[in-house]
Each structure stands twice: as structure tokens, then as C-alpha cells.
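J.: At position 87 of the sequence shown the residue is numbered 87 (the UniProt record's numbering), and the sequence of numbers has no breaks. Sharing a structure, written as C-alpha cells. Questions coming.
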Amino acid sequence: MTAAVPEAVPDRFREVLGHFCTGVTVVTGYVEDSARSLADYASSPTPTGPVGFACQSFAALSLDPPLVLFCVARTSRTWPALAAAGTFAVNVLAEDQQAVCAEFGRRGGDKFSGVSWRPAPSGAPLLDGALTWVDCEVQAVHPAGDHYVVVGRVTALGETSDARPLLFHRGRYTVTEPVPDALTALMPWPRPDDWL
């Protein structure tokens, strides 16, 4: 019989889920002056210009319509700005972008001062050197514990790169290693229909 998980175990929860390897992204947006007047965000100052944060909790959600999701802490100072903008871009980081991830993972400061970028169709920053990008409109926001689950409808897609992705596993960065073709042929499962 499996014991129930006590609520006060964040360190153990983090340790166990750290064994699930995740991709690393930077979610960005561009806040125009007009977005500052939104009533929902009038209680806290909303910055203008480019904003962004490092995010591991990004996933594809639906092919038809094309939807993605990411999760952001309720305490995030970047989220109110992204919500005010109503659009965002997800930049999928390459293996050589650890410094970019660290920059966007810290609190405060101008995260874009040392990063080259260009605007996506939505205006959200597309970071130079990223493997690819996804441009979106915010479609829904769902409170979930100490985070929000943000659903975005995809409006544009970037070109792709053959470089390896930056990954996070067991508290550190890592990268992929290709599986030899001989091993791939021995895999016992077909691609399930429920995979994107």
C-alpha cells in the first residue's frame, strides 16, 4: 500500500520530479504603453518593453487547434506584464545557451541588456541562437496551486535548427545524445496516437 504524500514535502517532491528531464525555454513578451491601463493589473506596476523568464514547464497541448501551455509561479513579477501584453513567444534554448537561461532565471534587472533579439509577429522577443520559437496569444489562464497554467493559441512558428537542445535533469543542465539507429529499430513500441 502506498502512503499518501504529505503536503509539507517540497524538497522531496522536487527531488523526485527532478528525475523527469525537461527542455529549457525562455517565455518572452513585449508590453506596450497601452497595456499599463488594464484594470486587472492596475494594483501592481506593469513594466513596458521586453519582458521574459526562464521556463521548464512548457509543453505542446493540442494539434487542432494548435495549443501550447506553460506554468508560471503566482509570485512571478514577469507574469502580470505578459498577461497585460496578451501575447507571448516561447524560445527553445540550444545547448550553448546556459548563460541565457541563467540570465532569464534571475530576479530583477534588465535581462535583455546582453541578449540580441528580434520581434516575433506578436512583437515578443525572439532570442538569437534559440533552436526555434512559437508565437502565441494567451487563450486561457487556470489557477493551479501556487502556479498558473497558461494556455496559448499558436499564431506563428519559427524555423528549426539541427543543434542540440538545452535540457535540465536532476538539478543540472544536460544535453541529448543520439540513440544509435540499430537500437532505435529494436524499440518495442510504435509511436502512440496520443503523442503529439
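No residue lacks a Cβ here, since even glycine has one placed at the ideal position from N, Cα and C.
How do the stretch 142-153 and the stretch 61-68 stand: do at least 3 beta-carbon pairs fall below 8 Å, yes or no?
T.: yes
J.: Three-state secondary structure (DSSP) at Gln139?
T.: Translated into positions along the sequence shown, residue 139 becomes position 139. Shown here, Gln139 sits in a strand according to DSSP, grouped into three states.
J.: For the beta strand (DSSP E) containing Pro80, name the first residue and the last one.
T.: Residue numbering aside, residue 80 sits at position 80 when the sequence shown is read from its first letter. From DSSP, Pro80 is part of no beta strand (DSSP E) but of the alpha helix (DSSP H) over Trp79 to Ala85.
J.: Between which residues of its own chain and Ala89 is the CB-CB distance below 8 Å, once the five residues before and five after are set aside?
T.: Your numbering for residue 89 matches position 89 in the sequence shown. Cβ within range, chain order: Val27, Thr28, Gly29, Ala120, Ser122, Ala124, Pro125, Leu126, Trp133, Val134, Asp135 and Cys136.
J.: List the endpoints of the continuous beta strand (DSSP E) containing Phe58.
T.: To locate residue 58, count along the sequence shown from 1; it is residue 58. Taken as a continuous stretch (DSSP letters only), the beta strand (DSSP E) holding Phe58 covers Phe58 to Ser62.
J.: DSSP beta-bridge partners for Leu67?
T.: Within the sequence shown, residue 67 is the residue found at index 67, counting from 1. In the DSSP assignment, the residues bridged to Leu67 are Ser62 and Arg153.
J.: When we look at the beta-carbon of Glu32 and count the other beta-carbons within 10 Å, is it buried (16 or more) or exposed?
T.: On the sequence shown, residue 32 is found 32 positions in, with the first residue counted as 1. So Glu32 counts as exposed.
J.: Counting only the same chain and skipping the five closest in sequence on each side, list residues whose C-beta sits under 7 Å from that of Thr25.
T.: To locate residue 25, count along the sequence shown from 1; it is residue 25. Contacts found: Cys55, Phe58, Val90, Asn91, Val92 and Leu93.
J.: Would you check if the distance between the CB atom of Val141 and the CB atom of Gly86 is smaller than 8 Å?
T.: Position 141 of the sequence shown, counting from 1, holds the residue named residue 141. Position 86 of the sequence shown, counting from 1, holds the residue named residue 86. Going by beta carbons, Val141 and Gly86 fall outside the 8 Å limit.
J.: Where does Gln98 land, buried or exposed, given buried means 16+ other C-beta within 10 angstroms?
T.: Along the sequence shown, read from residue 1 onward, the residue named residue 98 stands at position 98. Exposed, because fewer than 16 other Cβ atoms sit within 10 Å of the Cβ of Gln98.
J.: Could you check what DSSP says for Val92 in three-state terms: helix, strand or coil?
T.: The residue labelled residue 92 in the question sits at position 92 within the sequence shown. Val92 falls in the strand class under three-state DSSP.
J.: Tell me whether Val16 sits in a helix, a strand or coil according to DSSP, three-state version.
T.: Start at 1 with the first residue of the sequence shown, and residue 16 comes out as number 16. Val16: helix per DSSP, three-state reduction.
J.: Are there 16 or more other CB atoms within 10 angstroms of the CB of Leu131, so buried, or fewer, so exposed?
T.: Within the sequence shown, the letter at position 131 stands for residue 131. With 16 or more Cβ atoms within 10 Å of its Cβ, Leu131 is classed as buried.
J.: Among Arg118, Gly52, Gly145 and Leu61, which residue has its Cα nearest to the Cα of Ala102?
T.: The count along the sequence shown starts at 1 and reaches residue 102 at position 102. Ranking the options by Cα distance to Ala102, first place goes to Gly52.
J.: For Pro10, count neighbouring Cβ atoms within 10 angstroms of its own Cβ and tell me buried if that reaches 16, exposed if not.
T.: For the purposes of this step, residue 10 is identified with residue 10 of the sequence shown, where counting begins at 1. Exposed, since its Cβ has fewer than 16 Cβ neighbours within 10 Å.
J.: Straight-line CA distance for Leu63 to Gly23?
T.: On the sequence shown, residue 63 is found 63 positions in, with the first residue counted as 1. On the sequence shown, residue 23 is found 23 positions in, with the first residue counted as 1. Cα to Cα, Leu63 sits roughly 19 Å from Gly23.
J.: Are the beta-carbon atoms of Arg74 and Asp146 separated by less than 8 Å?
T.: Here residue 74 refers to the residue found at position 74 when the sequence shown is read from its first residue. Here residue 146 refers to the residue found at position 146 when the sequence shown is read from its first residue. Contact: yes.
J.: For Gly105, collect the residues of the same chain with a Cβ closer than 7 Å to its Cβ; drop the 5 residues on either side in sequence, then sort them by chain order.
T.: As a first step, residue 105 is located in the sequence shown; it is residue number 105 there, counting from the start. By the criterion of a C-beta distance shorter than 7 Å, Gly105 is surrounded in its chain by Ala54, once the five residues flanking it on both sides are discounted.
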